[in-house]
DNA sequence: TAATTTATTAACGTATACATTAATAAATCT
DNA sequence: AGATTTATTAATGTATACGTTAATAAATTA
């Protein structure tokens, strides 16, 4: 057992997984080039075994793809991929909204959600899209977290990660997200009234609208692979 | 490269994964006992590396759980787990139903779905629950497959696997599934009419009803962990 | 006898050796 | 020059050695 004053050492495979994922999501690794297991091991300064385990995990999560004899590369995301991802996120988040309404949220939870929408409003007024995106992400995260379904939470997290690079790439290309704030507020109100079907419907419509807008934008800019 | 007449050898890790999963789903491994990596390797007649990779994958898919120094065991499924799983399946399958209606299905696809409902009818008449379950599974599989969303298909597969043992355990405890057949037929009709919202609603209600019935049954029988 | 401390053992995480094999370079043939 | 065959190389899958460490047995203390 470790001495009292030191916490358990994080397994190298976990570390490899975290670092690779961060590099992918932060665009430090790109879709254009492959890296073999050996190259990744050298980059992460560890042996192939933990590196390999981390790569297998990331491949299963859809963030990288493995090509025989060529190693891994960041998985390009196509418009078709985004359609699939948004279809699932729409279904799951609507479910989360309905669950929140059915189970009921306490005042702290409702406050947190309202605060995130307020932060979205303020960010819009200041024309700060980065802040707006951060607040919007908080809202969606609360929605899923407060649904109290661990599996749903993990799934949504994963798909948000799969679509992260595309969403960051297109943040400033999108029109000003004026109606998002109102949609979110409507959802919160429906949740507060324990109106599951209304919460589901509003959020579903919001998500479908957002999805259509994003797909349309990708098509218009000719962004077929990202 | 392999000689022409032999197909590429399946990696041992894949084989380990398939065999372990089959044993779990067929109740050849039980929730009551742990097996170390070494014990599993001996059982599967291969070294620890492919075994370990397979075990990690199954753990991430929620079919087993790993306990430090004690190895793996089949993950018991609680009522809470079943609630979560059904909440997700409800959301995803409803999405699939709506996608089928939106995208439209061809006559072959509609026929396959109708045939599975016919098989459900016949199985019910013959009081053959096993056959009924098989036909019901086909219907659900078609629904998801014909939604044309690969990610959704994989997810649903995984959750169906997580709940498989509980569903098999309770098959003969459940009341006769009289309304399932009609529900499924109604969904098919809505899909045929390209009525996405109706397809979604009907399937959502069906799934919620099934879920409530199953949870209620588990609670009544006192089946807290399976 | 119960609690605490120390010792032991085996499970696991990782490193690396080795066998297999996929991609590609080189050689050969037409 | 292009197509085909053979050779080569390095990536990957797997086996196993080894260091770390978690659980538990044994020893010690109160």
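Chains as they are written, first to last, in the numbering used here: chain P, 40 to 265; chain F, 40 to 265. Idealized CB from N, CA, C, for every residue including glycine.
Collapsing the DSSP output to three states places residue 106 of chain P in a strand.
At a Cβ-Cβ threshold of 9 Å, residue 162 of chain F and residue 177 of chain F do not count as neighbours. Contacts with chain F at 9 Å (Cβ-Cβ) include residue 130 of chain P.
Residues of chain P whose Cβ lies closer than 7 Å to the Cβ of residue 149 of chain F do not exist; the shortest such Cβ separation is about 21 Å. The beta carbon of residue 126 of chain P falls within 9 Å of a beta carbon belonging to chain F, placing the residue at that interface.
Going by C-alpha positions, residue 173 of chain F is about 35 Å away from residue 242 of chain P. Bounds of the alpha helix (DSSP H) holding residue 195 of chain P are 189-209. Under the Cβ criterion of 9 Å, residue 53 of chain P is not counted among the residues facing chain F. Restricting attention to alpha helix (DSSP H) runs no shorter than 4 residues, the region 93-173 of chain P encloses them at 118-142 and 146-164, ordered along the chain. Runs of the alpha helix (DSSP H) lying entirely within the region 54-88 of chain F and spanning at least 4 residues, in chain order: 76-83. The Cβ of residue 191 of chain P sits closer than 9 Å to at least one Cβ of chain F. Just measuring C-alpha positions, the residue of F:259, F:170 and F:245 sitting nearest residue 212 of chain F is F:259.
The distance from the Cβ of residue 199 of chain F to that of residue 136 of chain F is about 16 Å, inconsistent with a contact at the 8 Å cut-off. Spatial neighbours of residue 224 of chain P in its own chain (CB-CB distance under 6 Å, excluding positions within 5 residues in sequence) are listed in chain order as 156. Residue 112 of chain F is a Cβ neighbour of residue 68 of chain F, given a cutoff of 9 Å. By the Cβ test, the region 44-60 of chain P is in contact with the region 83-95 of chain P, since at least three Cβ pairs between them sit closer than 8 Å. Residues of chain P whose Cβ lies closer than 8 Å to the Cβ of residue 123 of chain F are, in chain order, 188, 189, 190 and 191. Counting the other CB atoms within 10 Å of its CB gives residue 138 of chain F a total of 16 or more, which places it among the buried residues.
Within the region 63-80 of chain F, not one residue has a Cβ closer than 8 Å to any Cβ of chain P. Chain order gives the chain P residues near residue 194 of chain F as 127 and 194, where near means a beta carbon separation below 8 Å. Excluding residues up to 5 positions away in sequence, 125 lie with their Cβ nearer than 6 Å to the Cβ of residue 250 of chain F in the same chain. Residue pairing by DSSP places residue 264 of chain P opposite P:117 in a beta bridge. Using beta-carbon distances, residue 84 of chain F does not count as an interface residue toward chain P, since no partner is under 9 Å. In its chain, beyond the 5 residues on either side, 136, 182, 238, 241, 242 and 245 have a beta carbon closer than 8 Å to the beta carbon of residue 226 of chain P. At a cut-off of 9 Å between beta-carbon atoms, residue 198 of chain P makes contact with chain F. Just measuring C-alpha positions, the residue of P:191, P:49 and P:75 sitting nearest residue 129 of chain F is P:191. Between residue 60 of chain F and residue 83 of chain F, the C-beta gap is not smaller than 9 Å, which leaves the two residues out of contact. Residue 214 of chain F and residue 263 of chain F have their C-alpha atoms spaced approximately 19 Å apart.
It is roughly 22 Å from the alpha-carbon of residue 209 of chain F to the alpha-carbon of residue 72 of chain F.
Against chain P, a Cβ distance below 8 Å from residue 102 of chain F picks out nothing, because the smallest value is about 13 Å. In the structure shown, residue 48 of chain F falls within a coil segment according to DSSP collapsed to helix, strand and coil.
The C-beta of residue 134 of chain P comes closer than 9 Å to at least one C-beta of chain F. Chain F has a Cβ within less than 9 Å of the Cβ of residue 99 of chain P. Between the alpha carbons of residue 103 of chain F and residue 114 of chain F lies a gap of roughly 4 Å.
With respect to residue 206 of chain P, residue 63 of chain P sits apart: the two C-beta atoms are not nearer than 9 Å. For residue 221 of chain F, the enclosing alpha helix (DSSP H) has its first and last residue at 217-231.
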